[in-house]
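The next block holds one structure in the form of structure tokens; read it before the comments.
Residue numbers (this note's numbering): 582 to 693.
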């Protein structure tokens with residue numbers, strides 16, 4: 582799949598496009614995308630809560646649910662919270678890239 586870099590406007594393809602797509606899905610609050618109100622994830626609504634085992638499960642579920650719905654090129658294999666401070670959450674994902682079967686690690690996905 583090909584697209585455009587959201588920052589530079591340059592052409593974007595392959596894993597770079599996938600990385601941008603996943604970041605966009607996870608950082609977009611459901612209900613905020615005009616003409617596609619169900620697009621995004623519940624992660625932005627979880628960032629101000631104190632970290633607990635229950636919240637960690639909610640983060641994993643929200644991540645997996647959003648990617649299952651909006652990113653058909655991957656299957657989530659692992660989710661890890663690498664930073665959780667009030668107002669910011671950073672996760673690392675390990676996904677299977679379904680078109681070629683590769684395992685890809687995506688780190689530094691920050692939701693603010």
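Where a beta carbon is used, it is the ideal one built from N, C-alpha and C, also for glycine.
Here the structure is a predicted model, which means the values were calculated and not measured.
Residues bridged to residue 557 by DSSP? Absent from the model: residue 557. The displayed extent of the chain is 582 to 693, so no value can be given.
C-alpha gap between residue 534 and residue 656, whole angstroms: The structure shown does not extend to residue 534, since the chain is modelled only from 582 through 693, so no value can be given for it.
N- and C-terminal bounds of the beta strand (DSSP E) containing residue 664: To locate residue 664, count along the chain shown from 1; it is residue 83. First-last of the beta strand (DSSP E) with residue 664: 655-666.
If you compare alpha carbons, which of 608, 676, 654 is closest to residue 583? For the purposes of this step, residue 583 is taken as the residue at position 2 of the chain shown. The shortest Cα separation from residue 583 among 608, 676, 654 belongs to 654.
In its own chain, which residues sit with a C-beta less than 8 Å from the C-beta of residue 585, not counting the 5 before and 5 after it? By 1-based counting over the chain shown, the position of residue 585 is 4. Contacts found: 591, 592, 593.
Is the Cβ-Cβ distance between residue 599 and residue 690 less than 7 Å? On the chain shown, residue 599 is found 18 positions in, with the first residue counted as 1. On the chain shown, residue 690 is found 109 positions in, with the first residue counted as 1. Their beta carbons are not under 7 Å apart, which means residue 599 does not touch residue 690 by this criterion.
Enclosing beta strand (DSSP E) for residue 584 [first to last residue]: To locate residue 584, count along the chain shown from 1; it is residue 3. In the DSSP assignment, residue 584 falls within the beta strand (DSSP E) that extends over 583-585.
Distance, Cα to Cα, residue 620 vs residue 684? Working through the chain shown from its first residue, we reach residue 620 at position 39. Working through the chain shown from its first residue, we reach residue 684 at position 103. Taking the CA atoms as reference points, residue 620 sits about 25 Å from residue 684.
Would you list the residues sitting across from residue 592 in a DSSP beta bridge? What you label residue 592 is simply residue 11 of the chain shown in a count that begins at 1. Partner(s): 585.
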